[in-house]
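A.B. asks: Chains A and B, in that order, are what the protein sequence lines are.
Under our numbering, the first residue of the first sequence carries the number 1, and numbering increases by one thereafter.
Under our numbering, the first residue of the second sequence carries the number 536, and numbering increases by one thereafter.
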Amino acid sequence: MSLAFDDYGRPYIILRDQGSKKRMKGLEAYKSNILAAKAVANTLSSSLGPKGMDKMLVSPDGDVSVTNDGSIIVEKMEIQHPTAKLLVELSQSQDAEIGDGTTGVVVLAGKLLEQALTLLDKGNHPLKISDGFDRACDVAIKHLETISEEIDIQANEHEALIQAACTALGSKVVSKRKRELGKIAVTAVLDVADLARKDVNLDLIKIQTKTGGSVEDTRLISGILIDKDMSHPQMPKEVKEAKICLLTCPFEPPKPKTKHNINISSAEDYKKLYQQEQQYFVDMVKLVKDSGANIALCQWGFDDEANHLLLQNELPAVRWVSGTDVELIAMATGARIIPRFQEITPEKLGKAGSVKEVQFGTSNERMLVIENCQCTKAVTILIRGGSQMIVDEAKRSIHDAICVIRNLIKDNRIVYGGGSAELACAIQVLQYADEVSSVEQYAIRSFADALEGIPCCLADNCGLNPITSVAQAKSRQLQENNPRIGIDCMELGTTDMKEQRIYETLSSKKQQIQLATQVVKMILKIDDVIAPDDY
Amino acid sequence: MDIVGNVLPQVLKDEATEDKGEMARLQSFVGAIAVADLVKTTLGPKGMDKILKPTGPGQEMTHITVTNDGATILKSMYVENPAAKILIEISKTQDEEVGDGTTTVAVLAGELLREGEKLIQKRIHPQHVIAGWRIARDVALKRLRDISTENDIESQEFHNDLIKIARTTLSSKLITTDRDYFADLCVKAVLRLKGSSNLDYIQIIKLPGGTIRDSYLDDGFILKKQITIGCKRRIENAKILVANTAMDYDKIKIYGTKVKVNSMDKVAEIEAAEKEKMKHKVDKILKFQPTIFINRQLIYNYPEQLLADSGITVIEHADFEGMERVAAATGAEILSTFDAPERRDQVLGHCDLIEEIMIGEEKMIKFTGCKKNEACTIVLRGSSIHILDEVDRSIHDVLCVLITTVKNRRVVWGGGNSEMQMAAACEEEAKKVQGKQALAIEAYARALRQIPTIICDNGGYDSAELIQNFKVELQKGNLSYGLNMNDGTVGDMKELGIKECMRVKEQAVMAASEAAELIMRVDDIVKCAPRKRERA
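(1) How big is the Cα-Cα spacing for residue 1012 of chain B and residue 229 of chain A?
(2) Going along the chain, which residues of its own chain have a beta-carbon closer than 6 Å to the beta-carbon of residue 143 of chain A, five neighbours each way excluded?
(3) By the 10 Å Cβ neighbour count, where 16 or more other Cβ atoms means buried, how is residue 300 of chain A classified, buried or exposed?
(4) Is any heavy atom of the ligand SAM found at a distance shorter than 8 Å from the C-beta of residue 312 of chain A?
(5) Just to confirm before moving on: does the CB-CB distance between residue 157 of chain A and residue 414 of chain A stay below 9 Å?
(6) From the DSSP output, which residues share a beta bridge with residue 384 of chain A?
(7) So is residue 920 of chain B buried or exposed if we call it buried at 16+ other beta carbons inside 10 Å?
(8) Name, please, each residue of chain A whose Cβ falls closer than 7 Å to the Cβ of residue 1062 of chain B.
(9) Roughly how many angstroms lie between the CA atoms of residue 1056 of chain B and residue 395 of chain A, to the nearest whole one?
(10) Count the other CB atoms, across all protein chains shown, that sit within 10 Å of the CB of residue 126 of chain A; report buried if there are 16 or more and exposed otherwise.
(11) Which residues in the same chain have their Cβ closer than 6 Å to the Cβ of residue 773 of chain B, if we skip the five residues on either side of it in sequence?
(12) Please tell me whether residue 91 of chain A has its Cβ less than 9 Å away from any Cβ of chain B.
(13) Quick one: which residues of the segment 662-684 of chain B get their C-beta closer than 7 Å to a C-beta of chain A? List them in chain order.
(14) Anything in chain B within Cβ reach of residue 213 of chain A, meaning under 8 Å, just list it in chain order.
(15) Can you check whether the CB of residue 162 of chain A is closer than 9 Å to the CB of residue 182 of chain A?
(16) My assumption, with CB atoms under 8 Å, is that residue 897 of chain B sits in contact with residue 742 of chain B. Please give the rounded CB distance.
(17) With distances taken from CA atoms, which of B:708, B:694, B:620, B:623 is nearest residue 933 of chain B?
(18) Can you tell me which of the three DSSP states residue 195 of chain A falls into?
(19) Would DSSP call residue 359 of chain A helix, strand or coil?
(20) Output the boundary residues of the alpha helix (DSSP H) element that contains residue 850 of chain B.
(21) Could you check if residue 194 of chain A is buried or exposed, using at least 16 other CB atoms within 10 Å of its CB as the buried criterion?
(22) Counting only Cβ pairs nearer than 8 Å, list the residues of chain B close to residue 43 of chain A.
(23) For the beta strand (DSSP E) containing residue 885 of chain B, name the first residue and the last one.
(24) Taking only beta-carbon atoms, is residue 801 of chain B less than 9 Å away from chain A?
(25) So, for residue 687 of chain B: in the same chain, excluding its five sequence neighbours on each side, which residues have a beta-carbon less than 7 Å away from its beta-carbon?
(26) Could you tell me how far apart the beta carbons of residue 146 of chain A and residue 523 of chain A are, in whole angstroms, since I believe they sit closer than 8 Å?
(27) So, at 8 Å on beta carbons, what are the nonlocal neighbours of residue 341 of chain A in its own chain, with the 5 sequence-adjacent residues on each side left out?
(28) Can you give me the Cβ contacts of residue 639 of chain B inside the same chain, cut-off strictly under 6 Å, excluding the 5 residues immediately before and after it?
(29) Where do the ends of the beta strand (DSSP E) carrying residue 902 of chain B lie?
(30) Is residue 622 of chain B helix, strand or coil by DSSP?
(31) Please return the same chain residues whose Cβ sits closer than 8 Å to the Cβ of residue 1053 of chain B, not counting the five positions on each side in sequence.
(32) Just the chain B side, please: which residues come within less than 8 Å of residue 30 of chain A by C-beta, in chain order?
(33) Counting pairs of Cβ atoms below 8 Å between the segment 26-36 of chain A and the segment 104-123 of chain A, do you hit three or more?
(34) Specify the secondary structure class of residue 319 of chain A as computed by DSSP and reduced to three states.
(35) With 9 Å as the threshold, decide whether the Cβ of residue 265 of chain A is near any Cβ in chain B.
(36) Determine, using beta-carbon pairs with one atom in the segment 756-766 of chain B and one in the segment 922-939 of chain B, whether at least three such pairs fall under 8 Å.
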């Protein structure tokens, strides 16, 4: 901490508790920030691409998760460095907005920062660097749009969508079954998609996991799967032509929210109260039964007596259905959520083709499947796998694939993967750099180098020689004027990504470059870090 | 320090660690192989048991477990290595999914990683190893399905198969000497379920005393409860009412109720009302005209006396599972309200005879000749609680395997036959595949072959020679040959009658490859700072 002194040599105290604070400023601050951010990017860079590796993360409680999803890795790393945290947020905002490319965005930011560091060493002003990056970013985005292609998502039984999903799944542990899982994801999204509005409500796709079996056993259920069973073991296990009554009040005597006392002062009262209580149960069941419902789903618990009355009235019921499930069922079956028994009317019931109980494995766990719902089609993807970690990772992978498909339905423009898009942009940016006469020229050129870092990283992860393969791809792009030449990660013998059918969405690529540039600009503007000393 | 001379700023939290590349890989290999080696000696009919001793203060310290069940051993171990945790996880899943092969799955995953480590040392990229393993796995599973046979569920052959499978599963357990007896017992119990896979309906009662041989499958159903004093001990042609209702004092469920009186008389009145309410309930129960009343909850003296007066036998405090089983066995409905006596015929269960019996020193209630005979009871006897626990686990394994077999119906030859055949299939495939993957496929075959090797080693036989002879027999076309662990030779499994359930093997191969692949893909381990626990 630098200090100011007065005429007598005593230090001025400028900040509160100045002695216990740590301060870095100027070039030292820049470099420290960049190094911290780069450390995070380096960790992620080996996860990029189809041959990327996974990370094993041990939580503070000792639970293990294995993943290759960038946003999950940085989230679970518990990063404490303030600048490195910016990268965590970067990855998460990519996840929230696009759902895929969370690793790529961090790696790109890392490459940009690496370039910035050399520029700083050469004595460039940070703001000039960030201006240059900004201009280069605009050029890159514009070029991305020109090289993007529109695809027909309907053609060939949605072949293009399946390919895009496969690209997203290719880097995950489930890549072995990417085609099957990709198909499942595409069918799921198309089932719930509103093609006219080009929108997909992802809430209608429920992803349920269950350990056991193998990833191959993952399947799509055209209905809703809830991890519950009938409230009474002797209730029927299957209801056809179900009329669902969706309740959010317990099958119990009412509990008014106001605090109250019922004072019993005579035996008369006591008897009356008893009768009334019995009547409550009878009434409740009767109200449900009279509405024509043949199954009741309730968010709360049942009293034993109510439970038996339900059985007696041949009214199967499910208790403790979670809030999100209740909403999903309401959306899918057209049922209205009923908060009070008095408000049950036949119109408020939801309809479904069947509700049945299914069982898994030897551990005697049961789940309920609601199929052929009346309103929108809600679907469930039931993921199976050898262990909890595989199932969790498969869930994250399928989520990524679903996001990609949704993005394609929203905007059907794609660019080709395998680093080809980045390479094409790099070439364009490099050309542009020569036209700029000011200092930014260097920054723009560095931006192009950073973009080239992505295919380099891909090639490196695949065990190819990064320098040779990127140089080859670049020269072929220039010679053939073909922006689809990339890195042949799968060793299929061709570097044309159109032939390999590696599709990535334009929106995801655009977002990656924009977000990475923004974060880098932000880091470059910090010239002073003040933190408590023990931080 | 980096090139610029700066100290790398601390990015992770204090105490958090990050291991990269080789270090990370080494850590996971070591952990996973250590766990696999630990359970390895329990594999096969000559496998040894382990004593598990719990840590922690007080009573638990004294309760030890003796077992050779892989899942039980792994579950009780406290490990810190993340890769080891993955192995434990798959063993647990195997237990839940098929109930047996829990050791095999951990050992196979461990052996795969051991082979994987060698390949990594030869500078082969993990992704190539994984690619090879995937090909090998598919080939192995295809061969497994091809060599399996299927019999009709009703046929005598299928019944024989079940007994053979049960014998094979039991041969690695403590009760191997009595395996014929127990195999028969388990098969009968499972066939009683008539294709249902709900294991809850097979109740296992453990009673110390006698010898293991004294265990039996009861042809009726046994409830581990006593008949209340003052009731009949033997009821023929019983009408059973199963209930889940409060029979102590029927508390008012309306919220906020409070009794507030101003004189002693009123108290007496309310007490009378309370009593009357209970009597009312009992009267309603009486309208069903049961001969025996089973309640899940406590029954107070007053209603008990009322019921006993009417000649009804009362059983209180039946646990919930027990009740479900009684309901399933006798075809009764579990009641909580009693307002519809006209449904009497539907709700009452029926059985020919209920009597109190003594097994060892404990009194139990036995139901014979039940209407729906789906639930059944296995009574286990043995000289100590440790033995009983282990027998219980063994029987559980057998029941799980049998139920899986009934569902899947495909069986393979035992004695390491399926592993050797799968390994052979992988080796054939390796000859056809171009590129580095072929090495990984060969490695996969070696890992599979390790399973019979370990079984031999555990039996104290010369594994190298036996496995080679075994290979030759298969090459000759004797496809039903396998290891005869009784006299350390290679023999025809057809004659020895050793069969195994295909589904168990299939699941083990699938889960082990998935886990090995998962561990193989890792190149970076980040351990968060452990959560600080407040010491009480």
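For glycine and all other residues, C-beta sits at the position ideal for the given N, C-alpha and C.
C.D. replies: To lay it out plainly:
(1) In a straight line, the C-alpha of residue 1012 of chain B is about 51 Å away from that of residue 229 of chain A.
(2) Counting only Cβ-Cβ distances below 6 Å, and skipping sequence neighbours, we find 425, 428.
(3) With fewer than 16 Cβ atoms within 10 Å of its Cβ, residue 300 of chain A is classed as exposed.
(4) Absence of the ligand SAM is noted for the structure shown, with no ligands found whatsoever.
(5) No, these two residues do not count as a Cβ contact at 9 Å.
(6) DSSP output for residue 384 of chain A lists A:210 as bridge partner(s).
(7) Residue environment analysis places residue 920 of chain B among the exposed positions, since fewer than 16 neighbouring C-beta atoms fall within 10 angstroms of its C-beta.
(8) Taking a Cβ-Cβ cut-off of 7 Å, the neighbours of residue 1062 of chain B in chain A comprise 58, given in sequence order.
(9) A direct Cα-Cα distance of roughly 17 Å separates residue 1056 of chain B from residue 395 of chain A.
(10) Buried, because 16 or more other Cβ atoms sit within 10 Å of the Cβ of residue 126 of chain A.
(11) Answer for residue 773 of chain B: 826, 827, 886, 889, listed in chain order.
(12) It does not; no Cβ of chain B falls within 9 Å.
(13) Closer than 7 Å at the C-beta level to chain A, one finds these residues of the segment 662-684 of chain B: 662, 669.
(14) Correct list: 632, 1042, 1045.
(15) Yes, they are a contact pair.
(16) Confirmed, about 6 Å.
(17) Measuring from the Cα of residue 933 of chain B, the nearest candidate turns out to be B:708.
(18) In the structure shown, residue 195 of chain A falls within a coil segment according to DSSP collapsed to helix, strand and coil.
(19) In the structure shown, residue 359 of chain A sits in a strand (DSSP, three-state: E or B).
(20) For residue 850 of chain B, there is no enclosing alpha helix (DSSP H); the residue is part of the beta strand (DSSP E) that begins and ends at 848-850.
(21) A residue is called buried when at least 16 other Cβ atoms come within 10 angstroms of its Cβ; residue 194 of chain A does not meet this threshold and is exposed.
(22) What residue 43 of chain A touches in chain B: 553, 555, 1059, 1061.
(23) Unbroken beta strand (DSSP E) run through residue 885 of chain B: 884-894.
(24) At a cut-off of 9 Å between C-beta atoms, residue 801 of chain B counts as an interface residue with respect to chain A.
(25) Correct list, in chain order: 693.
(26) Incorrect: roughly 30 Å between the Cβ atoms, too far for contact.
(27) If we look at residue 341 of chain A and ignore the five residues flanking it on each side, its Cβ neighbours are 247, 249, 283, 284, 287, 288.
(28) Excluding its 5 nearest sequence neighbours in each direction, residue 639 of chain B has C-beta neighbours in its own chain below 6 Å: 1043, listed in chain order.
(29) Following the DSSP letters along the chain, one finds residue 902 of chain B inside the beta strand (DSSP E) bounded by residues 897-905.
(30) Three-state DSSP puts residue 622 of chain B in a helix.
(31) Excluding five sequence positions before and after residue 1053 of chain B, the CB atoms of its chain that fall closer than 8 Å to its own CB belong to 621, given in chain order.
(32) Per Cβ cutoff of 8 Å: no residues; residue 30 of chain A is ~11 Å from chain B at best.
(33) The segment 26-36 of chain A is in contact with the segment 104-123 of chain A.
(34) Residue 319 of chain A sits in coil when the DSSP states are folded into three classes, being neither helix nor strand.
(35) Taking CB atoms only, residue 265 of chain A has a neighbour in chain B less than 9 Å away.
(36) Segments in contact, no.
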